[in-house]
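Undergrad: Heads up, the sequence shown is in the working numbering, so the first residue is 123 and it goes up one at a time.
Heads up, the beta-carbon is just placed ideally off N, CA and C, and yes, glycines get one too.
Small disclaimer: the values here were computed from a predicted structure and weren't measured.
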Amino acid sequence: MKPSVTYESLTALLETVADPEIPVLTIAEMGMLRGVHWQEATGEWEVLITPTYSGCPATDMIRAQIRMTLLEHGISNVRITQVLSPAWTTDWMTETAKEKLRQYGIAPPVGKSMDAALLENTVVLCPRCGSSNTHLVSAFSSTACKAFYTCNECLEPFDHFKCH
């Protein structure tokens, strides 16, 4: 059985699906879209996604948004598979995603997830004024993957997307 849509057109549609927690980013920019495969045996597309962490409450919404986006374009033969290994890491975020985070008012992750020593001494730049004169208020913010900071220069509070 041949697919009714091309891999390229399906992937292009999936690359428009927004992250429900950070709507200026797509799941592709976040690195959550892990793959798309045609399954000849079942006659369906398999979309592989990896949530930012295994208990992410937005996962069901992401699945629904994928399904709705594809259904709007007449594509219903889709199976969405959640892949937990390897675990998602901020290393998978595109540079475009990190810049969009900054413009949205969230300090992007700094360094690589494997740089444990770096994580302890991370200098987080204020996404509003660019100052490095910031301080950690709380290790957790609006979501578990963010920390809450304040800028000592412009006095603005902001979220920092933690490297993990």
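Assign Cys-248 to buried or exposed, taking buried as 16 or more other Cβ atoms, counted over all protein chains shown, within 10 Å of its Cβ.
TA: Burial call: buried.
Undergrad: Whose C-beta lies closer than 8 Å to the C-beta of Phe-262 among residues of the same chain, with five residues either side of it excluded?
TA: Contacts found: Lys-268, Ala-269 and Phe-270.
Undergrad: Report buried or exposed for Thr-256, applying the criterion of at least 16 other Cβ atoms within 10 angstroms of its Cβ.
TA: The residue in question, Thr-256, is buried, as its Cβ has 16 or more Cβ neighbours within 10 Å.
Undergrad: Give a single yes or no on whether Lys-234 has its beta carbon closer than 8 Å to a heavy atom of the ligand MN.
TA: Although the ligand MN was asked about, the structure shown includes no ligands whatsoever.
Undergrad: Please report how far the alpha carbon of Arg-189 lies from the alpha carbon of Gly-153, in whole angstroms.
TA: If I take the Cα positions, the gap works out to 18 Å.
Undergrad: How far does the beta strand (DSSP E) with Ala-269 in it reach, from first residue to last?
TA: Ala-269 -> beta strand (DSSP E) spans 268–273.
Undergrad: Rounded to a whole number of angstroms, what is the C-alpha to C-alpha distance between Ala-163 and Val-169?
TA: If you take the alpha carbons of Ala-163 and Val-169, they lie about 15 Å apart.
Undergrad: Would you kindly check if the distance between the Cβ of His-286 and the Cβ of Ser-254 is under 9 Å?
TA: Going by C-beta atoms, Ser-254 is not nearer than 9 Å to His-286.
Undergrad: What is the residue span of the beta strand (DSSP E) that Asp-281 lies within?
TA: Taken as a continuous stretch (DSSP letters only), the beta strand (DSSP E) holding Asp-281 covers 279–283.
Undergrad: Given that a residue counts as buried once 16 or more other Cβ atoms are within 10 Å of its Cβ, and exposed if not, what is Cys-178?
TA: Buried.
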